[in-house]
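Here is the structure we will look at, set down as structure tokens.
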Amino acid sequence: MALKLEGVTKVSGADVHIHPTDLTLEKGTMNVLLGPTLSGKTSLMRLMAGLDVPARGRVFWNGEDVTGMRVQDRGVAMVYQQFINYPSMSVYDNIASPMRLTGVSKDEIDRRVRETAELMKLTPMLDRRPLELSGGQQQRCALARALVKDAGLVLLDEPLANLDYKLREELRVEIPRIFAASGAIFVYATTEPEEALLLGGNTATLWEGRVTQFGPTPEVYRRPVDATTARVFSDPPMNFLQVSKTGARLMFGEGQSAEARGRLASLPDGRYLAGFRPNHLGIASKAGAMRFRTVVAVTEITGSETFVHLDHAGERWVGQLHGIHALEHGAQVEVFLDPAHVYIFGEDGALVAPAAYAEAA
Amino acid sequence: MAQITLDNLAHSYLAKPVSNDDYALKPMNHTWADGEAYALLGPSGCGKSTLLNIISGLLQPSQGRILFGETDVTHAATAERNIAQVFQFPVVYDTMTVRENLAFPLKNRGADRAYVAERVATIAKMIGMEGELDRKARGLTADAKQKISLGRGMVREDVNALLFDEPLTVIDPQMKWELRTQLKSLHRQFGHTMIYVTHDQTEALTFADRVVVMHDGRVVQIGTPQELFERPEHTFVGYFIGSPGMNVIPARVEGRTAYIDGAEMALAHGYGALSGKVEIGVRPEYARLSDEGMPVKIRRVEDVGRHRIVRAEFFGHDINIIAGEGEEIPADRVRVSFDGAHVNVYADDWRVAPESAPGVAA
Numbered sequence: 550m551a552l553k554l555e556g557v558t559k560v561s562g563a564d565v566h567i568h569p570t571d572l573t574l575e576k577g578t579m580n581v582l583l584g585p586t587l588s589g590k591t592s593l594m595r596l597m598a599g600l601d602v603p604a605r606g607r608v609f610w611n612g613e614d615v616t617g618m619r620v621q622d623r624g625v626a627m628v629y630q631q632f633i634n635y636p637s638m639s640v641y642d643n644i645a646s647p648m649r650l651t652g653v654s655k656d657e658i659d660r661r662v663r664e665t666a667e668l669m670k671l672t673p674m675l676d677r678r679p680l681e682l683s684g685g686q687q688q689r690c691a692l693a694r695a696l697v698k699d700a701g702l703v704l705l706d707e708p709l710a711n712l713d714y715k716l717r718e719e720l721r722v723e724i725p726r727i728f729a730a731s732g733a734i735f736v737y738a739t740t741e742p743e744e745a746l747l748l749g750g751n752t753a754t755l756w757e758g759r760v761t762q763f764g765p766t767p768e769v770y771r772r773p774v775d776a777t778t779a780r781v782f783s784d785p786p787m788n789f790l791q792v793s794k795t796g797a798r799l800m801f802g803e804g805q806s807a808e809a810r811g812r813l814a815s816l817p818d819g820r821y822l823a824g825f826r827p828n829h830l831g832i833a834s835k836a837g838a839m840r841f842r843t844v845v846a847v848t849e850i851t852g853s854e855t856f857v858h859l860d861h862a863g864e865r866w867v868g869q870l871h872g873i874h875a876l877e878h879g880a881q882v883e884v885f886l887d888p889a890h891v892y893i894f895g896e897d898g899a900l901v902a903p904a905a906y907a908e909a910a
Numbered sequence: 002m003a004q005i006t007l008d009n010l011a012h013s014y015l016a017k018p019v020s021n022d023d024y025a026l027k028p029m030n031h032t033w034a035d036g037e038a039y040a041l042l043g044p045s046g047c048g049k050s051t052l053l054n055i056i057s058g059l060l061q062p063s064q065g066r067i068l069f070g071e072t073d074v075t076h077a078a079t080a081e082r083n084i085a086q087v088f089q090f091p092v093v094y095d096t097m098t099v100r101e102n103l104a105f106p107l108k109n110r111g112a113d114r115a116y117v118a119e120r121v122a123t124i125a126k127m128i129g130m131e132g133e134l135d136r137k138a139r140g141l142t143a144d145a146k147q148k149i150s151l152g153r154g155m156v157r158e159d160v161n162a163l164l165f166d167e168p169l170t171v172i173d174p175q176m177k178w179e180l181r182t183q184l185k186s187l188h189r190q191f192g193h194t195m196i197y198v199t200h201d202q203t204e205a206l207t208f209a210d211r212v213v214v215m216h217d218g219r220v221v222q223i224g225t226p227q228e229l230f231e232r233p234e235h236t237f238v239g240y241f242i243g244s245p246g247m248n249v250i251p252a253r254v255e256g257r258t259a260y261i262d263g264a265e266m267a268l269a270h271g272y273g274a275l276s277g278k279v280e281i282g283v284r285p286e287y288a289r290l291s292d293e294g295m296p297v298k299i300r301r302v303e304d305v306g307r308h309r310i311v312r313a314e315f316f317g318h319d320i321n322i323i324a325g326e327g328e329e330i331p332a333d334r335v336r337v338s339f340d341g342a343h344v345n346v347y348a349d350d351w352r353v354a355p356e357s358a359p360g361v362a363a
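Protein sequences, first through last, are from chains U and B. Per my numbering, the first sequence starts with residue 550, numbered consecutively. Per my numbering, the second sequence starts with residue 2, numbered consecutively.
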């Protein structure tokens, strides 16, 4: 079983919502669509579901061309950010409703409702109405309705965005488990990099209507193909710095440089863009690390970590430091960066050399 | 700017509350300092919005008083309280330009034109919308509209307090960083009393000087991010703050030793006789996989980029351990050790103060 998109596009008037996209999702995989608002996540999902017909390109389901087939005739289930349940029905009837439409026997319905309710931890709530449940339980009810259909394709559009942080944390742990038990193709849209990492599976990063990269989630995170992907898949945002290559060295400014090793060694001299993640910036001196002078703009302490926003030669960097560091606004701080944690992008944004640590991982 | 006093304040949505359970907000006494930034943090239903609505005047409390400075405002209308509010969803006038939207609270109060122009320019720069001042708000994205709402909330300098009700919910993660740091800079510059309601711990901890953690209609702890992280006064605070939350493990505590199902570990402090349900609490950040320590069985390892979350079974209890990005995770004979200085002891969910600290009088 597989869903295959071949050169699909979505156009509305003069606006291109989705540029030509090829994507193949295999049976039994979790696929995250990661990108900011308006990057095309929902548009892409609607094309996958058959809710919209692509302007160009084809959609294949198990090798069969389903482009233009109505969503009702496809085995698709969708869950939205807003929990959608029937308020006048009990939780039991809500979960049973998709099966009643397709003429499943009463005993079979009962068995599947109870099985799914158990999986979603809703068994004690089966007789209640959705509005008597907490937000998390309401969304679990909506998820249960999607799962019980036994659809081959389950599309989840930011399903946890309206939930409390802690409930989100709990459901994020549960969803991969539920997904593993179902065997369907899951597609999960989110704006949050951390959510993508926790869900695992594969990730497609989206930016302005384009899939910039698709692959196993940790791989996309550690080996982004371009600066845009790296930016989308980094929270706090990735830090950037203009560098230049001269002979065997990469010059980072302030007299700081690193040996141009591996793939970098064969690059032509010239200007490049260096990128590094906030958690790789340190304030303790470290052997082999480059040192930069910065000024503290804002410090945010979470208890376990400190986010320090730094001004460096006209750029704003973020450092995510372990522990608590009371860095005052306006203070001058030296920060340290191990060249092994630096990604090098070309001036067009394409990755020319991944960070050495990621190559080793 | 004003200090805010909650004097024996409580609220029930029922006409005749009988038991404590009937109160959405249980009786509380607090004084919040002038010019500080507070966050009200808790899950839905904890009472944080009820409390905010009482402070803003949208709701009259069933009992007690609320003071701004020395003035009793318990029964004053919202408009009389001289506060600015920003809500979860943008409140923007679509037919007005961005400039008119930002200027509205000032014009409404008859501020002079030069002052209005200057403030609007300052705020527009802060929210990064200088280039869009003359376009109509209609058709802007939710992000942009919420930035206008935030800007409008901050345009007046003479307010008693600035109240924010989950203002960043509709904002993308990357933009959240920007707006939050701008709010913080603004607070540092102008020293407004700010109250920020959220269920998101990162937002609360990074924004506020002090975080007010609410649970079940009560304030369970008011503290700095560091205090909430290192010394949660209640197991709920341990659970709610931190991602994942604190590990809470049933134990028997005698003096300076904790006994967990036969295993024992030394504590950094001594404790007197404890009664009720006794547990130790240790955050995943203070648990380490190691060669020595107590046996643990690894269930699953989740890679979240900057570190990994190890989900493990420890004497029949689920615990979480944080492992570094490059750290090796042993395959067999796995053991865990806890950083004794960061183990807290709880009796019936409340933290027990130790009797003695090493080298320091308790």
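Glycine included, each C-beta is placed from N, C-alpha and C at the ideal position.
Contact set for G317 (chain B): own chain, Cβ-Cβ below 8 Å, skip 5 residues either direction: Translated into positions along the second sequence, residue 317 (chain B) becomes position 316. Answer for G317 (chain B): D262, listed in chain order.
Beta carbon proximity, F191 (chain B) to chain U, threshold 7 Å: Residue numbering aside, residue 191 (chain B) sits at position 190 when the second sequence is read from its first letter. No - not a single Cβ of chain U is within 7 Å of the one on F191 (chain B).
Beta-carbon proximity of G36 (chain B) to G192 (chain B), cut-off 7 Å: What you label residue 36 (chain B) is simply residue 35 of the second sequence in a count that begins at 1. What you label residue 192 (chain B) is simply residue 191 of the second sequence in a count that begins at 1. Between G36 (chain B) and G192 (chain B), the gap from beta carbon to beta carbon is short of 7 Å.
L10 (chain B) versus R66 (chain B): straight-line alpha-carbon distance, rounded: Looking up residue 10 (chain B) in the second sequence gives position 9. Looking up residue 66 (chain B) in the second sequence gives position 65. Their backbone Cα atoms lie some 6 Å apart in a straight line.
Sequence ranges, alpha helix (DSSP H) only - wholly within the segment 688-730 of chain U, length at least 4: none
Interface flag, F90 (chain B) vs chain U, CB-CB below 7 Å: Your numbering for residue 90 (chain B) matches position 89 in the second sequence. No, no contact with chain U.
Inside the segment 15-63 of chain B only - alpha helix (DSSP H) runs reaching at least 4 residues: 49-57
Amino acids of chain B, ordered along the chain, whose beta-carbon sits closer than 8 Å to that of G837 (chain U): Here residue 837 (chain U) corresponds to residue number 288 of the first sequence, with the count starting at 1. By Cβ distance, chain B contributes nothing, its closest Cβ being about 15 Å from G837 (chain U), past 8 Å.
Of the listed residues U:E667, U:L746, U:C690 and U:R677, nearest to P647 (chain U) (C-alpha basis): Taking the first residue of the first sequence as position 1, residue 647 (chain U) is located at position 98. Of U:E667, U:L746, U:C690 and U:R677, the residue nearest in Cα terms is U:C690.
Unbroken stretches of the alpha helix (DSSP H), 4 residues or longer, contained in the segment 763-827 of chain U: You should have 766-771 and 776-781.
Contacting positions in the segment 315-328 of chain B - beta carbon closer than 8 Å to chain U: E326 and G327
Any C-beta of chain B under 7 Å from that of L918 (chain U): Summary: the structure shown does not reach residue 918 (chain U), with chain U confined to residues 550 through 910, and so no result is reported for it.
Buried or exposed by the 16-neighbour rule on C-beta atoms within 10 Å, applied to L7 (chain B): Start at 1 with the first residue of the second sequence, and residue 7 (chain B) comes out as number 6. Within 10 angstroms of the beta-carbon of L7 (chain B) lie 16 or more other beta-carbons, which makes it buried.
Host alpha helix (DSSP H) of Q222 (chain B) (start-end): For the purposes of this step, residue 222 (chain B) is taken as residue 221 along the second sequence, with counting starting at 1. Not the alpha helix (DSSP H): Q222 (chain B) falls in the beta strand (DSSP E), residues R219 to G224.
Within 7 Å, strictly: CB atoms of H235 (chain B) and W351 (chain B): Position 234 of the second sequence holds residue 235 (chain B). Position 350 of the second sequence holds residue 351 (chain B). It is a contact, given that the beta carbons lie within the stated cut-off.
E743 (chain U) - containing alpha helix (DSSP H), residue span: The residue labelled residue 743 (chain U) in the question sits at position 194 within the first sequence. From DSSP, the alpha helix (DSSP H) with E743 (chain U) extends over P742 to L748.
Check whether Q89 (chain B) and T170 (chain B) have beta carbons under 7 Å apart: Translated into positions along the second sequence, residue 89 (chain B) becomes position 88. Translated into positions along the second sequence, residue 170 (chain B) becomes position 169. Closer than 7 Å, so yes.
Min CB distance P585 (chain U) to chain B below 7 Å: Counting from one through the first sequence, the residue named residue 585 (chain U) turns up at place 36. Chain B contact via Cβ: present.
Own chain, CB closer than 6 Å to A362 (chain B), minus 5 neighbours either side, in chain order: Taking the second sequence and counting its residues from 1, one reaches residue 362 (chain B) at position 361. Low local confidence applies: a pLDDT of 41 at A362 (chain B) is under 50, so the model's placement there is unreliable, with the coordinate-based value given in what follows. For A362 (chain B), where only same-chain residues beyond five positions count, there are no Cβ hits under 6 Å.
Burial state of T51 (chain B), where buried means 16 or more other Cβ atoms lie within 10 Å: Numbered from its first residue, the second sequence carries residue 51 (chain B) at position 50. Counting other Cβ atoms within 10 Å of its Cβ, T51 (chain B) reaches 16 or more and is therefore classed as buried.
G48 (chain B) to A25 (chain B) span [Cα, whole Å]: Start at 1 with the first residue of the second sequence, and residue 48 (chain B) comes out as number 47. Start at 1 with the first residue of the second sequence, and residue 25 (chain B) comes out as number 24. Going from the Cα of G48 (chain B) to the Cα of A25 (chain B) covers about 6 Å.
Best match in U:M618, U:T591 and U:S588 for proximity to V602 (chain U) [C-alpha to C-alpha]: Against the first sequence, residue 602 (chain U) aligns to sequence position 53. With distances taken between Cα atoms, V602 (chain U) lies closest to U:M618.
Cβ-Cβ distance between Y197 (chain B) and A34 (chain B) below 7 Å: In the second sequence, counting from the first residue as 1, residue 197 (chain B) sits at position 196. In the second sequence, counting from the first residue as 1, residue 34 (chain B) sits at position 33. Cβ atoms of Y197 (chain B) and A34 (chain B): not closer than 7 Å.
Amino acids of chain U, ordered along the chain, whose beta-carbon sits closer than 7 Å to that of H200 (chain B): Taking the second sequence and counting its residues from 1, the one referred to as residue 200 (chain B) is at position 199. Correct list: D713 and Y714.
Any chain C beta carbon closer than 7 Å to S853 (chain U): You won't find chain C in this structure, because its protein chains are U and B.
First through last residue of the beta strand (DSSP E) which encompasses A883 (chain U): Counted from its first residue, the first sequence places residue 883 (chain U) at position 334. A small fix is needed here, since residue 883 (chain U) is Glu in this sequence, not Ala. In this chain, the beta strand (DSSP E) harbouring E883 (chain U) covers Q881 to L886.
Beta carbon proximity, N580 (chain U) to chain B, threshold 7 Å: Here residue 580 (chain U) corresponds to residue number 31 of the first sequence, with the count starting at 1. The beta-carbon of N580 (chain U) is placed no less than 7 Å from the nearest beta-carbon of chain B.
Straight-line Cα distance separating K553 (chain U) from K496 (chain U): Residue 496 (chain U) falls outside the range modelled here, since chain U spans only 550 to 910, and no answer is possible.
Residue-chain proximity (K185 (chain B), chain U), Cβ-Cβ < 7 Å: For this step, residue 185 (chain B) is matched to residue 184 along the second sequence. Closer than 7 Å to some Cβ of chain U, the Cβ of K185 (chain B) qualifies, so yes.
Interface flag, Y770 (chain U) vs chain B, CB-CB below 7 Å: Indexing the first sequence from 1 puts residue 770 (chain U) at position 221. So yes, Y770 (chain U) belongs to the interface.
Span separating the alpha-carbon of G685 (chain U) from that of L716 (chain U): What you label residue 685 (chain U) is simply residue 136 of the first sequence in a count that begins at 1. What you label residue 716 (chain U) is simply residue 167 of the first sequence in a count that begins at 1. Computed Cα separation, rounded: 6 Å.
Chain U contacts made by the segment 65-89 of chain B, where a contact means CB separation under 9 Å: none
8 Å CB neighbourhood of R336 (chain B) in its chain, flanking five on each side removed: Residue numbering aside, residue 336 (chain B) sits at position 335 when the second sequence is read from its first letter. Answer for R336 (chain B): L290, S291, D292, E293, G294, M295, P296 and V297, listed in chain order.
Proximal residues to G360 (chain B) (C-beta, below 6 Å), its chain only, five neighbours per side dropped: Against the second sequence, residue 360 (chain B) aligns to sequence position 359. Unreliable positioning characterises G360 (chain B) in this predicted model, as indicated by a pLDDT of 46, which lies under 50. The coordinate reading is nonetheless provided below. Counting only Cβ-Cβ distances below 6 Å, and skipping sequence neighbours, we find nothing.
Backbone CA spacing between Y347 (chain B) and G277 (chain B) [nearest angstrom]: Along the second sequence, read from residue 1 onward, the residue named residue 347 (chain B) stands at position 346. Along the second sequence, read from residue 1 onward, the residue named residue 277 (chain B) stands at position 276. Roughly 9 Å between the two C-alpha positions.
Members of the segment 203-214 of chain B near chain U, C-beta cut-off 7 Å: T203, L206 and T207
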